[in-house]
Amino acid sequence: MAGMREASAAGKRGASMRIGLSLLAAGLMTTVITVMLISAHPRDAAPVMRHISTVTPEAGKRLTNGTLVDFVVATPLDTKLKRANWTASTLSLDFVLPSSRVLDDHNVSQMLHDVEAVIRLAFLELENVNRVLIRFGESPQADAEAGLYANPENESSYRLLMASDVRRTDRWIAEEQSKWVGMGSADSDSLWKSRLRLSFTPLWEMKRNAAFMAGQEQSDSADGE
Numbered sequence: 005m006a007g008m009r010e011a012s013a014a015g016k017r018g019a020s021m022r023i024g025l026s027l028l029a030a031g032l033m034t035t036v037i038t039v040m041l042i043s044a045h046p047r048d049a050a051p052v053m054r055h056i057s058t059v060t061p062e063a064g065k066r067l068t069n070g071t072l073v074d075f076v077v078a079t080p081l082d083t084k085l086k087r088a089n090w091t092a093s094t095l096s097l098d099f100v101l102p103s104s105r106v107l108d109d110h111n112v113s114q115m116l117h118d119v120e121a122v123i124r125l126a127f128l129e130l131e132n133v134n135r136v137l138i139r140f141g142e143s144p145q146a147d148a149e150a151g152l153y154a155n156p157e158n159e160s161s162y163r164l165l166m167a168s169d170v171r172r173t174d175r176w177i178a179e180e181q182s183k184w185v186g187m188g189s190a191d192s193d194s195l196w197k198s199r200l201r202l203s204f205t206p207l208w209e210m211k212r213n214a215a216f217m218a219g220q221e222q223s224d225s226a227d228g229e
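According to our numbering, numbering within the sequence shown proceeds without interruption in unit steps and concludes at 229.
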């Protein structure tokens, strides 16, 4: 009996050790991905690697933690990325803008084109992405001239503006690409707003209204001259 108890205890210790090593490996992988994301700006690297399929034929159709950085680099983005996460067939991306950025039509269109770029690559080039979660926020520390922005130690400075939730099972995903037109104006287009499941915070609404009023004042001033 003593031998059996010792064997059982040894088995439990071995299982605990294996679980601990697995958690350690996952933590190290997340750290490596974060460091690699900080060291490369998607927009700067886009001409070098426009297509994720340039990695390998096998990996090019499936997203993994090992190819997540390649995916980010392969996607032509205008907005800086704060965080990228891949888990259980769900791709989550957090983007960040400087707090001083005006949410006029031009800047909003750029943000929505980033959403479109991610969705096209995730659902048309990859076969194992079933859901894409995208958030846009602002931070006073997101310098417009800096490289890829990441500041995981100061979450309080990140204020959410807009979020999107798109799934492979959405009916429009299966439509012809020629019908994928209009995402760039999704904030004012009810069809695309519904398709992308866009949600906006009060901060977004306030900044959009401020941009509209500023545009109106400039237009009135120009007419008066």
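Ideal placement from N, C-alpha and C gives every residue a C-beta, glycine not left out.
The model shown is predicted, which means the values in this text are computed figures rather than measured ones.
- Residue pairing by DSSP places residue 217 opposite no residue, since no beta bridge is assigned to it.
- Of the residues assessed, residue 131 falls on the exposed side of the cut-off, its CB having fewer than 16 other CB atoms within 10 angstroms.
- DSSP places residue 127 in no beta strand (DSSP E); its state is neither H nor E.
- DSSP places residue 137 outside any alpha helix (DSSP H); the residue lies instead in the beta strand (DSSP E), whose first and last residues are 135-143.
- Out of 171, 161 and 129, the CA that lies nearest to the CA of residue 202 is found in 171.
- Counting other Cβ atoms within 10 Å of its Cβ, residue 115 reaches 16 or more and is therefore classed as buried.
- Here residue 104 is exposed. Its C-beta has fewer than 16 other C-beta atoms within 10 Å.
- In terms of Cβ geometry, residue 86 and residue 98 form a close pair [threshold 7 angstroms].
- Of the candidates 175, 214, 199 and 68, 199 places its Cα closest to the Cα of residue 169.
- Annotation for residue 191: no alpha helix (DSSP H) segment contains it, and DSSP assigns it neither H nor E.
- Residue environment for residue 77: buried (at least 16 other C-beta atoms within 10 angstroms of its C-beta).
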